[in-house]
Amino acid sequence: MKLKIQTLALVFIMIATLSACSKKTSIEVNINKDGESKVDIGSEEKKENNKADGEKNLDSQKGKDSKSESNKKENIENKLNAKGSLAGKVICIDPGHGISSSKKQEPMAPDSSIMKPGYVSGAEGKTQTEEELNLEVALKLRDSLSDLGATVYMTRETHETELSNVGRAKFANEKNADMVVRLHADGIDDKSVYGISMLVPSSENLKNSQIVSESKIAGQEVLSQVVKYTQGKGRGVVERSDMTGFNWSEVPVILLEMGFLTNDEEDARLSKDTYQDSIVKGVASGLENYFQSK
Ligand SMILES: [Zn+2]
Numbered sequence: 001m002k003l004k005i006q007t008l009a010l011v012f013i014m015i016a017t018l019s020a021c022s023k024k025t026s027i028e029v030n031i032n033k034d035g036e037s038k039v040d041i042g043s044e045e046k047k048e049n050n051k052a053d054g055e056k057n058l059d060s061q062k063g064k065d066s067k068s069e070s071n072k073k074e075n076i077e078n079k080l081n082a083k084g085s086l087a088g089k090v091i092c093i094d095p096g097h098g099i100s101s102s103k104k105q106e107p108m109a110p111d112s113s114i115m116k117p118g119y120v121s122g123a124e125g126k127t128q129t130e131e132e133l134n135l136e137v138a139l140k141l142r143d144s145l146s147d148l149g150a151t152v153y154m155t156r157e158t159h160e161t162e163l164s165n166v167g168r169a170k171f172a173n174e175k176n177a178d179m180v181v182r183l184h185a186d187g188i189d190d191k192s193v194y195g196i197s198m199l200v201p202s203s204e205n206l207k208n209s210q211i212v213s214e215s216k217i218a219g220q221e222v223l224s225q226v227v228k229y230t231q232g233k234g235r236g237v238v239e240r241s242d243m244t245g246f247n248w249s250e251v252p253v254i255l256l257e258m259g260f261l262t263n264d265e266e267d268a269r270l271s272k273d274t275y276q277d278s279i280v281k282g283v284a285s286g287l288e289n290y291f292q293s294k
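Quick note on the numbering used here: the sequence shown kicks off at 1 and runs consecutively.
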């Protein structure tokens with residue numbers, strides 16, 4: 001009987017030790033995963049993660065202080081509820097162009113005297129206009145990124161729009177977006193030209209060097225994934241200083257030129273659901289890689 005009690009006590013100690021070990025392991029795993037997600041962790045582990053984040057959190061907090069309180073609260077709530085590879089990320093999708101009768105002119109950059117039209121009609125193909133294609137792909141991308149846990153805001157979900165180029169940039173700034181994805185398609189006189197490009201801001205008119213560098217890193221990653229998924233022809237990442245939508249941005253921003261509508265083959269390809277889906281997969285995968293590498 002005495003032996004049995006000793007055996008039971010020994011078993012109890014072993015179980016207690018094992019459970020302590022496994023608890024420690026689970027905390028370590030959560031800390032390692034910190035870069036990807038802060039969801040589903042206990043308060044003790046959150047304290048650890050906050051320590052590990054260090055200056056990064058302080059910096060981002062400083063930036064957030066200037067944003068509207070309601071968006072901040074909404075974003076925090078979404079972050080706590082969301083699950084998935086893009087959980088906690090706020091992504092703004094801007095389907096380029098749209099239908100508007102406005103002839104409004106606006107400064108190309110906050111301190112620029114150069115005025116540009118706030119609304120421009122886009123390229124045209126035989127099977128679609130750029131405005132239609134941009135919106136079609138944007139709606140698919142919205143659903144895909146939402147499924148991955150991101151909080152997604154759209155500058156337009158209809159063909160008609162009231163938002164100018166400056167308005168779109170300010171919209172994303174107010175949402176405190178972690179990334180803005182602008183969707184466009186190209187047009188050019190030479191009908192033989194085709195392929196997919198990525199435009200990113202240059203530092204000439206966008207003075208925040210961190211936004212410029214983050215945009216470029218994300219742009220490279222997203223373009224390479226879009227080319228991979230579509231099996232299309234990549235035309236590279238191009239820095240642009242003349243785009244109003246870039247120059248007014250206070251958050252990282254990329255612009256995907258999905259292809260040339262003036263090239264008949266590419267125009268036909270872009271109108272197909274399966275091809276549009278591969279673009280969406282590429283953008284989503286590129287964003288996943290970008291955020292995971294941060
Ligand atoms: Zn365009």
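C-beta: ideal position from N, C-alpha, C; glycine also.
Restricting attention to K116, D111, A87 and K83, the CA atom closest to the CA of N205 is found in D111. In this structure, E130 has its CB closer than 8 Å to one or more heavy atoms of ligand 1.
With the criterion CB distance below 5 Å from any heavy atom of ligand 1, the matching residues run G96, G122 and H184 along the chain. With respect to S100, E160 sits close: the two C-beta atoms are nearer than 9 Å. Between V237 and K175 a beta carbon distance of about 24 Å is seen, past the 8 Å cut, so the two are scored as non-contacting.
Looking from the CA of S278, the closest CA among I93, N71 and L141 belongs to L141.
Taking a C-beta distance under 9 Å as the contact criterion, S209 and S203 qualify as a contact pair.
For E124, the three-state secondary structure derived from DSSP is strand. Annotated as distal: E106 and V180, with beta-carbon spacing of 9 Å or more. For R269, the enclosing alpha helix (DSSP H) starts and ends at D264 to L270.
V137 is not a Cβ neighbour of C92, given a cutoff of 9 Å. Closest option to G259, judged by alpha-carbon separation, among V251, K272 and P252: K272. Judged by DSSP in its simplified three-state form, I196 adopts strand. Of all C-beta pairs linking the stretch 178-192 to the stretch 121-132, three or more are shorter than 8 Å, placing the two stretches in contact. E214 places its beta carbon less than 9 Å from that of P252. Leaving aside the five residues that flank E131 on each side, the residues in its chain whose CB is nearer than 6 Å to its CB run, in chain order, H97, G98 and G122.
Taking a C-beta distance under 9 Å as the contact criterion, K228 and S144 do not qualify as a contact pair.
Remark: C-beta atoms of A169 and E250 approach each other more closely than 9 Å. The beta carbon of L163 sits closer than 7 Å to those of T155, R156 and F171, all from its chain and outside the five residues before and after it, given in chain order. In the structure shown, the three-state DSSP call for V251 is coil.
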